[in-house]
Amino acid sequence: MDAALQRTRLHTKVCPGAHAVPAHGPAGPAARHEPVPPPRAGVRTGPDRATNNRGRKQPAEQCCDRQRPVEEDVPAAVAGRHRGGTMAKITVQAHERVLVYRDGVFEAQLEPGRSTVRQSRRTRQERIDLRLRQLSVTGQEIFTADGVTVRVTAIVRWRVSDPRAFVEQAAAPEELLHVALQLAVRDAIGRHELDDLLRAEGRDAVTAALAEPVQAQVAGLGITVLGAAIRDLGVVGELRAALAETALERQRGRAALERARGEAAALRSLANSAKLLDDHPALATLRLVQAAGESGATVVLTPDGLPART
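Residue numbering for the sequence shown follows this note's numbering, starting at 875 and increasing by one per position.
Next up, the structure:
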């Protein structure tokens, strides 16, 4: 019985508007207990064609389970997603550049404006800022030429000049710029003694020697160095107190010198006055009379010509 049922398997084809009928072979038990209802009048059935109620042949795509082309059934955005991504518009500012990579390979650089790009898992965009930036090295302790430790703070001003090299040549280009500035400051400070660095001319010389070596270190990273300078410079430890004491003593010496100069000038004036009175005694009498008149005292002239105060 099982072999007979296996040989009498039903093969059917379902189409809209048509009834399921056996394709071939004798009907099985299910067909005897549940007979297939007869088709309506004017409708023909068959294994390979289907018609409507008026006897006209229906389109093949309506009776068969086939997919229509994607472009005819869905919007363009959805069709683009099936082809590998969605088309989207992005805006690039005047100070930016956008690098587009597809499958890890550089594809295009987008200039300022509005552009249309394909976004998918296979594409990547890198947005690079081209505006001026500043990086600083703070609190770096360096030995001078005479073995004194100084603490230096330096700054560098830079911008991205080649966006593609900035992205592709280094994983962290800003860290490499930071290290390049540290090395340049260490080399420049080590060539000068402390006394030179404490003067403005020495600091200007150090500043002038920073930009060129830093630019040489980051030339292949798409970075342009616009300038570098020493912002702060100071000594550390006990030397700071010693320098402060030296400066204090220097100021005290200057103050004492100024006092001595004032006293000497006063003594010279007194000596000149005494010599003038010795040469002209009448001037002393006249000066005495003037002083007595201002104080309201009575002055009596003696026979020897010397005044006597009463």
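Ideal placement from N, C-alpha and C gives every residue a C-beta, glycine not left out.
Check	Outcome
Minimum C-alpha distance to residue 1001 - residue among 1095, 1134, 965 and 1031	965
7 angstroms CB neighbourhood of residue 1113 in its chain, flanking five on each side removed	1022
Residue 1164 (DSSP reduced to helix, strand or coil)	helix
Limits of the unbroken alpha helix (DSSP H) element including residue 1257	The first residue shown for the chain is 875 and the last is 1184, placing residue 1257 beyond what the model contains.
Given residue 1064 as reference, the closest of 1093, 1050, 1018 and 1078 once Cα atoms are compared	1018
Inter-stretch contact at 8 angstroms, needing at least 3 Cβ pairs: the region 1032 to 1045 / the region 992 to 1008	yes
Residue environment, residue 1055, which counts as buried when at least 16 other CB atoms sit within 10 Å	buried
8 angstroms Cβ shell around residue 1068 - same chain, five flanking residues per side excluded	1018, 1020, 1022, 1024 and 1109
Three-way DSSP call (helix, strand, coil) for residue 1064 in this model	coil
Counted within 10 angstroms of its Cβ, other Cβ atoms place residue 1212 as buried (16 or more) or exposed	The chain is shown only over 875 to 1184; residue 1212 falls outside these bounds and no answer can be derived.
Beta strand (DSSP E) segments (min. 3 residues) lying fully within the region 998 to 1053	1007 to 1017 and 1023 to 1034
Per-residue DSSP class, three states only, for residue 1080	helix
Of the residues 967, 990, 1103 and 1096, the one placed nearest residue 1076, counting alpha carbons only	1103
CA nearest to the CA of residue 1003, picked from 1038, 981 and 1153	1038
Distance, residue 994 Cα to residue 984 Cα	17 angstroms
One or two residues paired with residue 1135 in a DSSP bridge	Bridge partners of residue 1135: none, in fact.
Residue 983 - containing beta strand (DSSP E), residue span	979 to 984
Contacting residues, own chain, Cβ-Cβ under 8 angstroms from residue 1040 (five flanking each side not counted)	1002, 1034, 1047, 1095, 1096 and 1097
Start and end residues, alpha helix (DSSP H) containing residue 1091	1085 to 1091
Beta-carbon proximity of residue 1011 to residue 991, cut-off 9 angstroms	no
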